[in-house]
Amino acid sequence: MGKPAAPSNLTAMSEILDAVRSGASGEVLASIDMPLKTRAVFVRRDEQSMFEGMASADKDPRVSLHVDEVPVPALAPDEVFIAVMASSINFNSVWTSIFEPLSTFGFLDRLAKESFWGQRHALDYHVIGSDAAGVIIRAGSAVRNWSVGDEVTVHCNYVDDQDPSSHDDSMLSSSQRIWGFETNFGGLADICVVKANQLMPKPTHLTWEEAAVNALCNSTAYRMLVSHNGAPVTQGDKVLIWGASGGIGSFAVQHVLNSGGTPIGVVSSASKVETLRELGCEHVIDRRANDYRFWKDEHTQDESEWRRLGKDIRALVGDDPDIVFEHPGRSTMGASVFVAKRGGTIVTCAATSGYMIEYDNRHLWMKLKTIKGSHFSNYREAWAANQTIMDGKVVPPLSAVFPLVETGEAAYEVHHNRHEGKIGVLCVADREGLGITNPELRASVGEDRLTIFRRHDQE
Ligand code: NAP
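Counted the way the numbering used here counts, the sequence shown spans residues 99 to 557.
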């Protein structure tokens, strides 16, 4: 069998995108030919060694991320093309752009070996982005529940539904991937490609840029703290949340509050403390002001500093945390294992500061604690997490918006921890504030609540 054929009708890019911008019906959109090319953000295979030998902090996404036109690929029967109104920066956008812990081209090459349609992904460029909100402009012949013209958001769990291991919890599937990180044709583009089983309805009370920043981080936090697959919070639980005003942390805080637990947020500035208080997180620790030094040097941790953090938590909430929401990794894991309550759980999904972890195992086994690994979410969990947004129970932590051409700048902000919450990226939407179709629900959730992170960023 040959390679999948790309669309062959050349149409001015602006025609279909203008139609989307003007709110054209599905029928009209379906009648306009697909363009051959789309604007997209990508890294290049021939540059994957460009930062070799440099310190992480010096690797600059503004140099490695390119914005240019690339060919629109062919569409598989179970996929849709989406005109992406807005997307977001995730930390995986940073990992791809600095080629750490490894170049993502290896993922694409492996995917290409698996199937006829998989072959499309191994290209000399990798279009990144694991979030999107937009409008379906084409649906493959096997797509049943969605139509051209539907307004959608996208979760990034990319699974092969013909793989038996996908059919208990799809996150346990041996073929599980993260769209736009381990696959090509991601959301930081005017047109992206997703499987129909990644689609979810767009929350009607949100703008495009508000709707685009939730799926990856909210679903991750939902699985970690709400789903039975994670460490579900029950009423009265105390939950220590590292990076509580960051991408996943800001959703974690809201899920703990909604579950009747008490979040203890850790952040690194007075302004982040204020943001969290406005979100409803009463107990906040400023790790910078408290100057915790968990590591005496590169090789030695300081138990007295773990103990100091534990005392600070008890002073705030009168107890040790039942659950620790962990993701900084090497710099905090020793402290996280120490401060968790006897019988408590440390649930972890990442290791931003380093994945070779050290903790004192005596504190784990003698106090019967559990370390629970977690990774993104299955479709059911992502759908439930999206429902919390649709119901206005969880608000988007959108703090800033960049145009697609400035994606490198936006990723640089996240790489250097200069942001709060989430950064949105405008793609087809030519300005902010578009996309609200349910102003009544928006009013009932409250403009102030919906814009907490944005207002704090602008102060
Ligand atoms: P983010 O928006 O940058 O937030 C991370 C927060 O962590 C920062 O706001 C920072 O808060 C805190 N932090 C960073 N370094 C720290 C350190 N050394 N010690 C203590 N706190 C530190 O990133 P994110 O989107 O929340 O993602 C966080 C991590 O989770 C990333 O590594 C990402 O790749 C990973 N992730 C994994 C999954 C998954 O499915 N497995 C999904 C989403 C994200 P303060 O400076 O305010 O303390």
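Every residue gets a Cβ at the ideal spot worked out from N, C-alpha and C, and that includes glycine.
Check: Measuring from the CB of P426, is there a heavy atom of the ligand NAP at a distance below 8 Å?; Outcome: yes
Check: Looking at chain C, is there any beta carbon in it that lies within less than 9 Å of the beta carbon of V364?; Outcome: The displayed structure is made up of one protein chain only, and chain C is not part of it.
Check: Could you say which of L209, I339, W481, A342 lies nearest to L314 if we only look at CA atoms?; Outcome: W481
Check: Cutting at 6 Å between CB atoms, please list the residues of its own chain near P361, excluding the five before and the five after it.; Outcome: V337, I339, V351, V354, C379
Check: Considering I346, what are the terminal residues of the beta strand (DSSP E) in which it resides?; Outcome: It is not in any beta strand (DSSP E) - I346 instead sits in the alpha helix (DSSP H) that spans 345 to 356.
Check: Going residue by residue through the segment 378 to 460, where are the continuous beta strand (DSSP E) segments of at least 3 residues, counting only ones entirely within it?; Outcome: 381 to 384, 393 to 395, 421 to 424, 443 to 446
Check: Sorted by chain position, which residues of the same chain lie with C-beta nearer than 8 Å to S429's C-beta, five sequence neighbours on each side aside?; Outcome: F392, W393, S451, G452
Check: Taking just the CA atoms, how far does T486 sit from G151?; Outcome: 44 Å
Check: Can the beta-carbon of P159 be found closer than 9 Å to that of Y477?; Outcome: no
Check: By a C-beta neighbour count over all protein chains shown, 10 Å radius and 16 as the cutoff for buried, is T332 buried or exposed?; Outcome: exposed
Check: Where does P330 sit, in a helix, a strand or coil, going by DSSP?; Outcome: coil
Check: Take the Cβ of R552 as the centre, count every other Cβ of all protein chains shown within 10 Å, and call the residue buried at 16 or more, exposed below.; Outcome: buried
Check: Tell me whether the beta-carbon of E167 lies closer than 9 Å to the beta-carbon of K135.; Outcome: yes
Check: Excluding five sequence neighbours on each side, which residues of the same chain lie with their C-beta closer than 6 Å to the C-beta of M183?; Outcome: A231, G232, W306, V526, A527
Check: Per the DSSP calculation, E198 is bridged to which residue(s)?; Outcome: In the DSSP output, where bridge partners are listed per residue, E198 has none listed.
Check: Given a cut-off of 9 Å on the beta-carbon distance, is the pair D229 and G278 in contact?; Outcome: yes
Check: Tell me whether L314 counts as near the ligand FAD, meaning its Cβ is closer than 8 Å to at least one heavy atom of that ligand.; Outcome: With respect to small molecules bound, the structure shown includes the ligand NAP and not the ligand FAD.
Check: Could you tell me if the beta carbon of I421 falls within a distance shorter than 8 Å of some heavy atom in the ligand NAP?; Outcome: no
Check: Taking 9 Å as the threshold (C-beta atoms), are L206 and T302 in contact?; Outcome: no
Check: Tell whether a beta-carbon distance below 9 Å holds between K293 and Y256.; Outcome: yes
Check: Please determine, among M148, F500, V170, the residue with the shortest C-alpha to C-alpha distance to L221.; Outcome: V170
Check: Report yes if the C-beta of H473 is less than 8 Å from at least one heavy atom of the ligand NAP; otherwise report no.; Outcome: yes
Check: Is W41 buried or exposed, if buried means 16 or more other CB atoms sit within 10 Å of its CB?; Outcome: The structure shown has nothing for residue 41, since the chain only spans 99 to 557.
Check: Is the segment 438 to 449 in contact with the segment 320 to 328, if contact means three or more CB pairs nearer than 8 Å?; Outcome: yes
Check: Are the CB atoms of S317 and S475 nearer to each other than 9 Å?; Outcome: yes
Check: CB V493 to CB I187, shorter than 9 Å?; Outcome: no
Check: Can we count G345 as close to the ligand NAP, meaning its CB is less than 8 Å from some heavy atom?; Outcome: yes
Check: What does a CB cutoff of less than 8 Å around A508 pick up in its chain, not counting 5 residues either side in sequence?; Outcome: I187, A498, F500, I521, V523
Check: So the alpha helix (DSSP H) M152 belongs to, where does it begin and stop?; Outcome: Careful: M152 lies outside any alpha helix (DSSP H) and carries neither H nor E.
Check: With A220 as the anchor, note down where its beta strand (DSSP E) starts and where it stops.; Outcome: Element bounds for A220: n/a, residue is neither H nor E.
Check: Where does C315 fall in DSSP's three states?; Outcome: helix
Check: What first and last residue would you give for the alpha helix (DSSP H) that runs through T505?; Outcome: 505 to 513
Check: Verify the contact flag: A449, CB atom, against every heavy atom of the ligand NAP, threshold strictly below 8 Å.; Outcome: yes
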